[in-house]
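Since the structure comes first, as structure tokens, the remarks are kept for the end.
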Amino acid sequence: MIVRTGREFEVLILLLMIVYYVYWVMRSSSGKSIPQLRNFPAINAIEEGVGRSVEINKPVHYGLGDASRLGGDRAAGTISSLNFLSHTAALCARMGAKLIVRISPNPHLYTQAEAIVTDAYMSEGKIEYLDKIYTLRYYGGSRGYMTGGIRDMTTLGVALNVTMGALSVETVWAYAICRSQGGMGVGGGSRWGMIFGLAMLADYALLGDEMYAASAKISGDRDMASSFIGGDWMKFSLVVLTILTSLAYLVGAQDLVSWIFR
Amino acid sequence: MSFDYKRNVPQYLLTLIILVFLIEFALPEGPLTIVKNELTLWLTLIASFTFFIAAVTLIIRYAKNLTEKKNTINILYAIEFFVIFVAYIGIALFAGGISGDSYKWLYTTLHGNLSQAAWVLYVFLEPWAAYKAFQLRSKESIILAITGLTYILYLAPSIPAVVPAIGTFANWIVNVPAKGGARGAIITMGVGALLLALRMLTGKEKGIVD
Amino acid sequence: MSDPLKIQGDTLIEKLGGLHWFWIGAIILLLIFIPLLNPIGLPISTTQWTLDAYQAILDAPKDKIVVWEDEWSMGGLAEAETGHTALMRLLLKNDIRFVMVSLTPDTPLLHSYITDIVTKTAEGRGKTYGIDWAQMGFLPGGEASLPFMAEDFHGAFEADFYGTPLSELTIMDDLHGYEDIALIITGSSSQTWIESPVRQWYVKYGVEIISYTLTGGTVLSATYWPDNGILGIIEGSRGGSELEFIAGVPGIGVAQSDAKTLAFLATAAFIVLGNISYFGSKFKRGGAS
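Chains as they are written, first to last, in the numbering used here: chain F, 62 to 323; chain S, 50 to 259; chain W, 32 to 320.
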């Protein structure tokens, strides 16, 4: 057998995904037109919130995500969060808003966050306005992250709370406190099991893949955006497959599709 | 033509490793399986090393607090960090190791109790969040409120014993709509993870090596 | 900071929806304390998934070892103590050999804490460490460490948490890889962790799993239950209380059940109150809620 026994279906899915991906990325790279990603109100809301922060003189709080780390299944969400941090920091530098960045319990992200915020302020020509001690806050473990974040939002006030990345219980406490302080909440989570908090409490939420797509949109990266279109085609294919498999079982023709579940 | 070592070397390494894993997944067990297993072992070694890096990062960060700016609170936090850091290391090295009674007592009494105390905040925040969020403002929030309320009552161990219908309805929520939605979300996540791997493989995932 | 003494709203119906989070939490805290100090003894219901978990543990082949991999930490002790104690007592009571593995740096100390409690119980007396159970230390790597354990357990751990070489522990003579594992009990205070052991243990090696998850984590674990890798689910302290009841190993679960019941009832009452206020205010002109 060319393919490992029991993995025929998985390999087929993998090959199909590769075909979709290569098609759309090559199309994008060669300058051909690609469908536009839809608008995400959350992106505009960040800009609106930063403007509000300047008006009412309360800081913008940015949380990198209490479960974020650059490894495993959380890498993608964490990278998206760093993209959004760059965008938010640039807006804050441009408009003169105060920015507080909650560094995730994973201390490795401190270096990344510092570099991104510094670059953002430099690109806006406002590096002299960046106070790293005020802006970059590391609180320790996840409990410290929570208590420190709550303390800062309640004592310093919050105009806008943005939390992106791999989120855990931050989806509840950050937005509950933000709401109670009269702030605007914008969030995006990659860990689908924890995004209920965003759905309940955030004013603007990016759920799952929406966060990745919005991240691609703000970075202006056509190739990344085209890869999401390939992903959407894959999802459509899986929907069709699910319907066909269900119909096969319904009409008693499960032998035709049983090889999928070996 | 200049070769960007900082960007290209990690990218090539990443591409090679991803290719090994993807091809090994598809092929029958063979020489590539040995390579893959060895790489997996190295992943564990790297993960162990990152704890050491984390400690160094923290020390640098708090040392900067001590020296950079005249901010009393930050200096106090930095002193607190170093005192506790040295205490843990000292006890682990000289007083019975991390499985010794002294270390266990220190960890349980200090860290364990403080960690748990922080969870008490949730008693204040989560019920308030539900009180605000489960208002029946729209069709979606009606569904959210009914399922949320049912599951909250179901989680109270005595309620389903007294009102079995709540247990039956909660079981249906878990076994039918929640399970279906969760499986759909897992499939979507799988597609997203595969896309991420392909972007990393082809160097289109900028954040990974930059 | 918003003033807890100020209740938003003009009329009584509006004020019902404007309570500060401090008062809601304070009332619920009070309702938690009362049964902890004086247990009421309210009935406990059992769930199918906990019953399945209990049965799966009893059905574990005695010639193999149960591996209990754990991500719970000391910070989750209040939620974890009931279940951990009940689980360990259940395993010892039924002479099921098991090995505890820590997947976070905090977890070995939690295991030590629980072991100190359980060794003083009726189930723990007469059992010998190294023969009936063993405790490994922290294995870094998260999901990546699971195949490492599955392929070569002795390679993953050279010594146990106390520094004893595995060759000196009798139980470890019978545990070398996935073929020697009867069942995986995977514990985590993360609801989403369960996907990692399903991918690694069940899909790759065919080893079935019991999920020991946080309260509210059943929905995600149930995705693979009952016949897609997960044989049963223990849901936080509620599952721990059920396990105490089913297995006949009574502990602190009873008082915790009473406290949870009152706390959740109060939460439900506040939700209803919030909606009464919302709809009441809606019918009034210019109401704020």
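Where a beta carbon is used, it is the ideal one built from N, C-alpha and C, also for glycine. Here the structure is a predicted model, which means the values were calculated and not measured.
- In the three-state reduction of the DSSP assignment, F/Leu98 falls in the coil class.
- Within its own chain, the residues whose Cβ lies closer than 8 Å to the Cβ of F/Asp270, once the five positions on either side in sequence are excluded, are Phe289, Gly292, listed in chain order.
- In the same chain as W/Met131, and ignoring 5 residues on each side of it, the C-beta atoms closer than 6 Å to its own belong to Trp99, His142, Gln166, in chain order.
- Note on geometry: alpha-carbon atoms of S/Gly145 and S/Leu163 lie some 23 Å from one another.
- The DSSP-derived three-state label of W/Glu239 is coil.
- Counting only Cβ-Cβ distances below 7 Å, F/Gly254 has contacts in chain W at Gln222, Thr223, Leu251, in chain order.
- The contact set of S/Lys255 on chain F, defined by CB atoms closer than 9 Å, consists of Ile140, Asn144, Ser280, Asp282, Met285 in chain order.
- The way I'd put it, the segment 82 to 95 of chain W doesn't touch the segment 215 to 232 of chain S; fewer than three beta-carbon pairs between them come closer than 8 Å.
- Residues of the segment 88 to 120 of chain W with a C-beta less than 9 Å from any C-beta of chain S: Ser104, Met105, Gly106, Gly107, Leu108, Ala109, Glu110, listed in chain order.
- Within chain F, the residues Met62, Ile63, Val64, Arg65, Thr66 have their CB atoms less than 9 Å from the CB of S/Pro77, given in chain order.
- Residue environment analysis places F/Gln315 among the exposed positions, since fewer than 16 neighbouring C-beta atoms fall within 10 angstroms of its C-beta.
- A residue is called buried once 16 or more other Cβ atoms fall within 10 Å of its Cβ, and F/Asn167 is buried on that count.
- Here F/Gln242 really is in contact with F/Met214; their C-beta atoms are around 6 Å apart, less than 8 Å.
- For F/Val318, there is no enclosing alpha helix (DSSP H), since its DSSP letter is neither H nor E.
- Among the CB atoms of chain W, none fall inside 8 Å of the CB of S/Gly145.
- Per DSSP, W/Met203 lies in no beta strand (DSSP E) segment and is marked neither H nor E.
- In the three-state reduction of the DSSP assignment, W/Asp163 falls in the coil class.
- In its chain, beyond the 5 residues on either side, Ser151, Tyr152, Leu155 have a beta carbon closer than 7 Å to the beta carbon of S/Ile140.
- Beta-carbon to beta-carbon, F/Thr232 and F/Gly249 are separated by about 10 Å, too far to satisfy the 8 Å threshold.
- DSSP places F/Asn222 in the uninterrupted beta strand (DSSP E) bounded by 221 to 226.
- If you ignore the 5 residues before and after F/Ile321, its C-beta comes within less than 6 Å of the C-beta of Phe70, all in its own chain and listed in chain order.
- Taking the Cβ atoms as the reference, F/His122 lies roughly 27 Å from S/Ile102, outside the contact range of under 8 Å.
- Taking a 10 Å sphere around the C-beta of F/Asp192, we find fewer than 16 other C-beta atoms and assign the residue as exposed.
- Boundaries of the beta strand (DSSP E) around W/Ile216: 212 to 218.
- By alpha-carbon distance to W/Ile127, the top candidate from W/Ser272, W/Gly107, W/Trp164 is W/Trp164.
- A Cβ-Cβ distance of about 20 Å is found for the pair W/Ala109 and W/Ile264, leaving them out of contact under the 8 Å criterion.
- Within the segment 225 to 256 of chain F, Ser229, Ala237, Ile238, Ser241, Gln242, Gly243, Arg252, Trp253, Gly254, Met255 place their CB atoms closer than 9 Å to a CB of chain W, listed in sequence order.
- The alpha-carbon of S/Tyr61 is positioned some 29 Å away from that of W/Glu226.
- Looking at the DSSP output, S/Phe130 shares a beta bridge with no other residue.
- In the three-state DSSP reduction, F/Arg198 falls in the strand class (E or B).
- Chain W has no Cβ within less than 8 Å of the Cβ of F/Gly313.
- Shown here for F/Ser287: same chain residues with a beta carbon closer than 6 Å to its own, the five before and five after excluded, namely Trp85, Val86, Ser89, Ile95 in chain order.
- In this structure, W/Gly114 lies near W/Leu274, with their beta-carbon atoms less than 8 Å apart.
- With a cutoff of 8 Å on beta-carbon distance, F/Ser142 and F/Leu160 are scored as not near each other.
- Between W/Tyr193 and chain S, the shortest Cβ-Cβ separation is below 8 Å.
- Look at F/Gly126: its C-beta is not under 8 Å from any C-beta on chain W.
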